[in-house]
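Heads up: the protein sequence lines correspond to chains B and H, in order. Note that the numbering used here numbers the first sequence so that position 349 is 454, with each residue one more than the last. Note that the numbering used here numbers the second sequence so that position 85 is 86, with each residue one more than the last. Every residue gets a Cβ at the ideal spot worked out from N, C-alpha and C, and that includes glycine. In what follows, a single structure is set out as structure tokens and then discussed.
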Amino acid sequence: MAETRRVLITGVSRFWGCQLARRLEEHPSIERIIAIDNNAPPIELHRTDFIRADIRHSLIGKLLTALDIDTVVHAGLIVDPRRASPRMVHETNVIGTMNLIAACSAATSPVRKLVVKSSTAVYGSEPDDPSIWSETMTRRAPPRDTFTRDLDEVEGYVRDFSLRRPEAVTTLLRFANVLGPTHVTPFARLFDLSAVPTVAGFDPRLQFLHENDAISVLEEAVLRDHAGTYNVAGSGVVVLSQAISLMGKFNLQLLPFVGAELTMGLVNRIVPLGFAPHLTRFLQYGRVVDTGAMQGAFDVRLEHSTSATLVEHARLRRVRDIVRAEQSYTYEAELEDFLRSQRGSDVGGRRTATASAAARPVARRRAPRAGNGSRPQREPEMTS
Amino acid sequence: MSERRATSSTKRHSNGNGRGPLSSLESLYRDLPGTAMSATGTLAMRLRDVTGRDVIDLESLQDIVSIGYRVAELRSQHRSGRYNVDEFGFDPEFANTLVPFFKLVYRRYWRVDSVGLEHVPEHGSALLVSNHSGVLPLDGVMIAVAVHEQTDRFVRPLIATWFGSMPMLSWFLRRAGGTLGHPDDTLRLLARDELVLVFPEGVRGTGKPFRERYRLRRFGRGGFVEMALRAGVPIVPISVVGAEEIYPMIADLQPLAKLTGFPYFPITPTWPWLGPLGLVPLPTKWRIRFHEPVRTDEHGAKAADDPSFVMRISDEVRDTIQQGLVTELMNRRSVFRG
Chain B
106 MAETRRVLIT GVSRFWGCQL ARRLEEHPSI ERIIAIDNNA PPIELHRTDF
156 IRADIRHSLI GKLLTALDID TVVHAGLIVD PRRASPRMVH ETNVIGTMNL
206 IAACSAATSP VRKLVVKSST AVYGSEPDDP SIWSETMTRR APPRDTFTRD
256 LDEVEGYVRD FSLRRPEAVT TLLRFANVLG PTHVTPFARL FDLSAVPTVA
306 GFDPRLQFLH ENDAISVLEE AVLRDHAGTY NVAGSGVVVL SQAISLMGKF
356 NLQLLPFVGA ELTMGLVNRI VPLGFAPHLT RFLQYGRVVD TGAMQGAFDV
406 RLEHSTSATL VEHARLRRVR DIVRAEQSYT YEAELEDFLR SQRGSDVGGR
456 RTATASAAAR PVARRRAPRA GNGSRPQREP EMTS
Chain H
2 MSERRATSST KRHSNGNGRG PLSSLESLYR DLPGTAMSAT GTLAMRLRDV
52 TGRDVIDLES LQDIVSIGYR VAELRSQHRS GRYNVDEFGF DPEFANTLVP
102 FFKLVYRRYW RVDSVGLEHV PEHGSALLVS NHSGVLPLDG VMIAVAVHEQ
152 TDRFVRPLIA TWFGSMPMLS WFLRRAGGTL GHPDDTLRLL ARDELVLVFP
202 EGVRGTGKPF RERYRLRRFG RGGFVEMALR AGVPIVPISV VGAEEIYPMI
252 ADLQPLAKLT GFPYFPITPT WPWLGPLGLV PLPTKWRIRF HEPVRTDEHG
302 AKAADDPSFV MRISDEVRDT IQQGLVTELM NRRSVFRG
């Protein structure tokens, strides 16, 4: 079991990728973190090299060999369809993954670990589903919506990789719905409404995962070897009406149980919730996964149960407006950059990333060795 | 309005100063159920002295009062969202609220006699297997009440998968402890030392016409035996007599059933002619017999892979139940009086 040294993270412009990169930066054993995405990360990363590249491009393979990447974390799957058009989602999820995994499984590829962030949505939500899904079970009816079909296909590529490269560690993590202060999910938007539209006559069982716990699990999968598929969700189960009560909102039983998806489509027109058909089905029939395998294998103690995640989320949402007014972190970061550039020190990367899929990493902050003391207070934790 | 007044007066009360009219109103509001209860109790005693028999049944009265209390309690709890359901969606508090009502039905309406309850284990898991009848699965409820009275345990019935797509019923049944009849669900519940109730006849049992009453249908494919063998738990066969007559199903309108998504659309002497009133079941006299458990642990989990063995046990259980039905029916002189 070789150590994880050089990590490549996809989808760093969104929650999963950038939060993971930030966590991994704290581990001195990891020499290098390469982050690729079409867009820049939303938060300040200190020793992550950001490359503006499209994972659909075949140059990814060259990048892997050139940088001798041993671990690839595919955190770039779009599971929140409001963020992009359906075609874009398909392109990123299916074609992107296919290309990335093709690059990883090439004969010359130095990759010996692949961690893929998937979603428990692959199990679907049907009225006659088993009450609790374990990793080995598969849905009986094929998915009807494109998103879940895509996800299925993505998992197929991952399985192919694990068969083709048995010596490599392949970890497939299926995450339940995440809630937290920074990650805006369809459920977070739903719970922001004062009257939450639900399907009349249905009160499904749901599981939530706190965003910190989600990243902890992802981090653990990168640092240690956990081959296999794992469900990840907070412990315990809530029913939807309970979740709404915990959030202090009103349960508006608005959607008819026949044609709920259609009505939700109309609601989405008025309030952009991003509730795709598969999520509306989820709102009607729910889903619970067995997390026993993850709890047994992973050396991570999830800090929030499902209900604690909701309570915590509700607490933070109540003061959201006040906190947002106070928030000026990003501004400070930019100011700092500006001042630094005025001093003429290293600020190479922040805005100079290349637009095309170039295999030339642009250092955002390669502090340790090329360090010139631009931010000395950060140095010890990065080098040691 | 009255609620707000009540809280403000409580506050004042706790401060120790001020005993105005509001405070006395509040205490009246608080003591009313107790006062009413004791008054009715006295009345019941007097009536018994005068007439020489129980005109008002105190036990049932207590049940009625506790239903009110528990519903109020449950509602406040649910408003705050601070309650726990298990992974199957079972809410013990919710089930506890339902218990007094169904106990009343058990004792007063169907006057259920349960025999052989000692065969239900006090702890540890078991698979309860029963005949199924009566259009609506009320026989399951009565078995659950019988077991709850004896052991204080909640039975976890396996319900037909089509219930999952039914509004209201889908969450109601889960909240009350039911779960879909999926093999994985069954094994999980049995591994957690639960009492799982299964009706191998399924909807074929509840939806059979009146003229075929007390004739057991096929016991599925013996899946329940497989589960019991894999989990190594005893099978407790149960015969329920009386449930067949609660809704005498004269005809089954299949086209309408197909339209509404139900497995059958029953026509009874009262339904659908009397509208919602037709849903009131007939007050038959019930008898539930719990038979000697069939042990499965000595065969080992491997036996579950042998279909012929599974079918043999399945038939054995079926025969026990059918035999129990026949014996009970022989002793029953009247459908309504027992």
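Going by DSSP, what residue range makes up the beta strand (DSSP E) through residue i?
i, result
"B/Leu357", "Phe355 to Leu360"
"B/Arg279", "Val274 to Phe280"
"B/Gly333", "Gly333 to Val337"
"B/Arg157", "Thr153 to Arg157"
"B/Val227", "No beta strand (DSSP E) contains B/Val227, which DSSP labels as neither H nor E."
Could you tell me which of the options sits nearest to residue i, measuring between CA atoms?
i, options, result
"B/Asn490", "B/Ala158, B/Pro133 and B/Glu131", "Because residue 490 of chain B is not part of the residues shown, which for chain B are 106 to 489, the question remains open."
"B/Val304", "B/Val363, B/Pro286, B/Val289 and B/Gly261", "B/Val363"
"B/Gln358", "B/His288, B/Thr202 and B/Pro309", "B/Pro309"
"H/Lys209", "H/Pro249, H/Ser81 and H/Leu129", "H/Pro249"
"B/Phe280", "B/Arg137, B/Leu407, B/Leu444 and B/Met352", "B/Leu407"
"B/Ser230", "B/Ile427, B/Arg386 and B/Pro271", "B/Arg386"
"H/Ser115", "H/Met143, H/Met169, H/Met331 and H/Arg189", "H/Met143"
"B/Glu324", "B/Leu125, B/Trp121 and B/Ile114", "B/Leu125"
"B/Gln312", "B/Asp297, B/Asp426, B/Arg329 and B/Val283", "B/Val283"
"H/Arg296", "H/Val51, H/Ser126, H/Gly221 and H/His183", "H/Ser126"
"B/Glu396", "B/Ile139, B/Thr225 and B/Cys209", "The displayed chain sequence assigns Thr, not Glu, to residue 396 of chain B. If we check each option's Cα against that of B/Thr396, B/Thr225 comes out closest."
"H/Asp194", "H/Leu129, H/Phe220 and H/Gly182", "H/Leu129"
"H/Ile251", "H/Leu260, H/Phe89, H/Arg212 and H/Ile236", "H/Arg212"
"H/Gly203", "H/Asp32, H/Ala302, H/Glu317 and H/Gly135", "H/Gly135"
Which class does residue i belong to by DSSP, given the choice of helix, strand or coil?
i, result
"H/Gly17", "No answer about H/Gly17 holds up, because its pLDDT of 43 lies below 50 and its placement is not dependable."
"B/Thr81", "A question about residue 81 of chain B goes unanswered here, because the residues of chain B that appear run from 106 up to 489."
"B/Asp451", "Confidence at B/Asp451 is low in this model, with a pLDDT of 46, below 50, so its placement is unreliable and the value that follows should be read with caution. Here B/Asp451 sits in coil by DSSP."
"B/His315", "strand"
"H/Thr328", "helix"
"B/Pro191", "helix"
"H/Ala127", "strand"
"B/Leu113", "strand"
"H/Arg212", "helix"
"B/Ala348", "helix"
"H/Val116", "strand"
"H/Ser335", "coil"
"B/Arg423", "helix"
"B/Pro247", "coil"
"B/Ile200", "helix"
"B/Thr213", "coil"
"B/Ser446", "helix"
"H/Arg109", "helix"
"B/Ile206", "helix"
"B/Ile141", "strand"
Determine the direct distance from the alpha carbon of residue j to that of residue i, and round the result to whole angstroms.
i, j, result
"B/Ser134", "H/Arg157", "51 Å"
"H/Asp186", "B/Pro235", "7 Å"
"B/Ile237", "B/Thr334", "16 Å"
"H/Val234", "H/Ser309", "19 Å"
"B/Tyr228", "H/Asp55", "58 Å"
"B/Gly201", "H/Gln78", "48 Å"
"B/Leu369", "B/Ser446", "A small fix is needed here, since residue 369 of chain B is Met in this sequence, not Leu. Taking the straight line joining both Cα atoms gives about 49 Å."
"H/Arg338", "H/Gly206", "24 Å"
"H/Ile322", "H/Glu293", "11 Å"
"H/Gln151", "H/Glu123", "9 Å"
"H/Pro284", "H/Ile247", "7 Å"
"B/Asn248", "B/Met242", "It should be pointed out that residue 248 of chain B corresponds to Pro in this sequence rather than to Asn. So the alpha carbons of these two residues sit roughly 15 Å apart."
"H/Glu94", "H/His133", "27 Å"
"B/Gly341", "B/Thr411", "6 Å"
Between which two residues does the alpha helix (DSSP H) harbouring residue i extend?
i, result
"B/Ile165", "Leu164 to Leu172"
"B/Asp287", "It should be noted that the sequence gives Thr, not Asp, for residue 287 of chain B. Element bounds for B/Thr287: n/a, residue is neither H nor E."
"H/Thr98", "Pro93 to Leu105"
"B/Asp234", "It is not in any alpha helix (DSSP H) - B/Asp234 carries neither H nor E in the DSSP assignment."
"B/Ser267", "Thr251 to Arg269"
"B/Arg127", "Phe120 to Glu130"
"H/Arg205", "Val204 to Thr207"
Measuring from the CB of residue i, is there a heavy atom of the ligand FMN at a distance below 7 Å?
i, result
"B/Asn204", "Ligands displayed in this structure: none; no statement on the ligand FMN is therefore possible."
Inset, instruction - Within the stretch 48-91 of chain H, note down every full alpha helix (DSSP H) run reaching 4 residues or more, in order along the chain. - result: 59-81
Inset, instruction - Starting from the N-terminal side, write out each stretch of the beta strand (DSSP E) that is 3 residues or longer and does not extend beyond the stretch 221-249 of chain H. - result: With a minimum length of 3 residues, the continuous beta strand (DSSP E) runs that stay inside the stretch 221-249 of chain H are 236-242.
Inset, instruction - Report the residue ranges of all beta strand (DSSP E) runs contained in full by the stretch 241-306 of chain H; include only those spanning at least 3 residues, in chain order. - result: If we require 3 residues or more, the beta strand (DSSP E) runs fully inside the stretch 241-306 of chain H come out as 288-291.
Legend entry - Whole alpha helix (DSSP H) elements within the stretch 142-198 of chain H, 4-residue minimum: 170-176 and 184-192
Legend entry - Runs of alpha helix (DSSP H) wholly within the stretch 359-403 of chain B (minimum 4 residues, chain order): 365-375, 382-390 and 397-402
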